[in-house]
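For reference, the structure discussed in these notes is given below.
Numbering (UniProt numbering), first residue to last: 1 to 308.
As structure tokens, this is what we get:
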């Protein structure tokens, strides 16, 4: 029977993933009804979340300042920001802008598969059986999602396909790049400075005052959700969930992100999803379950080895 702590972790991780998914759908409505573009929204999202994380860290007395005594580590934060966090946020919104929240979120969900491919290319670490199955299913699912089974046609635009796949690639780099930093500093420290730096850089390219939008209650509410619920609280809830459940379990619950984005896109935003779209989506989302089950099997095998 699951303990109260495990249930708490599952709820936190599920809500976190749902917030991420819903924020993508809300971003779609902002792109459709205002002059907001991906650069502007990414800058607002990162800067707002960065300021929020900074305030929370100061209130909770999280040590954010030790890293400033190590210039080499600050350079790593800058590298992670430029090549990890900024691209994953930006390419995702570009994919939403070019297609819809459901398609963009599902294609970004291929991130773990790209990690497995990278390990083969960079480290000659050949995939396990579960990773091989996941790669095959991800490719098959993407093929169905973008062609409906006919290789001669694309049912989404070339730009939507490009940004969606790049979103998956940058999701992988966003996972891999901070690994070394996170052995020395808390995730809160790394992401606070990275969010702030990324938000400032995006606002240099396109300042938040450069686009005028109607400041209606609806638009303010949507922006607030994207920044605070879809970024700040989603991040904090996910971190908190890892105190109570394993990362493999948390990765399974990430499925709530494409699920929530798809439900809202279809039910409220008029996005059309046929049975081939659904099948392709299921194949892609299933890869996370397969990878998590394979990782759990490896963990159990390692535990048994150490016991013996």
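We put the beta carbon where it would ideally sit given N, CA and C, even for glycine. Just so we're clear, the structure is a prediction, and the values are computed from it rather than from any experiment.
Taking the Cα positions, residue 102 is about 18 Å away from residue 234.
Where residue 129 is concerned, the enclosing alpha helix (DSSP H) starts and stops at 129-147. The beta carbon of residue 211 is closer than 7 Å to those of 35, 36 and 40 in its chain, skipping five residues each way along the sequence. Residue environment: residue 60 is assigned as exposed (fewer than 16 neighbouring CB atoms within 10 Å of its CB, all protein chains considered). Between residue 178 and residue 159, the C-beta spacing is not below 9 Å. By a beta-carbon distance limit of 8 Å, residue 145 does not contact residue 154. Their separation comes to about 10 Å. Sequence-distant Cβ neighbours of residue 174 in its own chain, meaning closer than 7 Å and more than five residues away, are 84, 85 and 88. Approximately 7 Å separates the beta-carbon atoms of residue 241 and residue 16; this is inside 8 Å, confirming the contact.
Nearest neighbour of residue 93 by Cα position, chosen from 290, 230 and 134, turns out to be 230. Annotated three-state conformation of residue 8 is helix, per DSSP. When the five nearest sequence neighbours on each side are left out, the beta carbons in the same chain lying within less than 7 Å of the beta carbon of residue 126 are those of 120, in order along the chain. Counting the other Cβ atoms within 10 Å of the Cβ of residue 204 gives fewer than 16, which makes it exposed.
In terms of Cα proximity to residue 164, the closest of 218, 90, 290 and 149 is 90. Contact between the region 38-54 and the region 184-203 is established, with three or more Cβ pairs separated by less than 8 Å. About 10 Å separates the beta carbon of residue 250 from that of residue 237, a gap too long to meet the 8 Å contact definition. Cβ atoms of residue 196 and residue 50 come within 8 Å of each other, at about 4 Å.
With distances taken between CA atoms, residue 12 lies nearest to 246 out of 67, 109 and 246.
For residue 277, the closest of 176, 3, 106 and 287 by C-alpha to C-alpha distance is 106. By a beta-carbon distance limit of 8 Å, residue 104 contacts residue 95. Their separation comes to about 4 Å.
Taking all protein chains shown into account, residue 55 has fewer than 16 neighbouring C-beta atoms within 10 Å of its C-beta and is therefore exposed.
For residue 45, the enclosing alpha helix (DSSP H) starts and ends at 38-60. At the C-beta level, residue 262 and residue 112 stay beyond 9 Å of one another.
Its Cα nearest to that of residue 291, the residue 132 stands out among 19, 21, 132 and 8.
For residue 155, there is no enclosing alpha helix (DSSP H), since its DSSP letter is neither H nor E. The criterion of a C-beta distance shorter than 9 Å is not satisfied by residue 182 and residue 52.
Excluding its 5 nearest sequence neighbours in each direction, residue 62 has C-beta neighbours in its own chain below 6 Å: 188, listed in chain order. In the structure shown, the three-state DSSP call for residue 188 is helix. When secondary structure is reduced to three states using DSSP, residue 118 falls in the helix class. Annotation for residue 9: 241, 244 and 245 place their beta carbon closer than 6 Å to its own, counting only its chain and skipping 5 residues before and after. Pairing residue 283 with residue 255, the inter-Cα distance amounts to about 12 Å.
Taking C-beta separations shorter than 6 Å and ignoring five residues to either side along the sequence, the partners of residue 273 in its chain run 266, following chain order.
A distance below 9 Å separates the beta carbons of residue 64 and residue 57.
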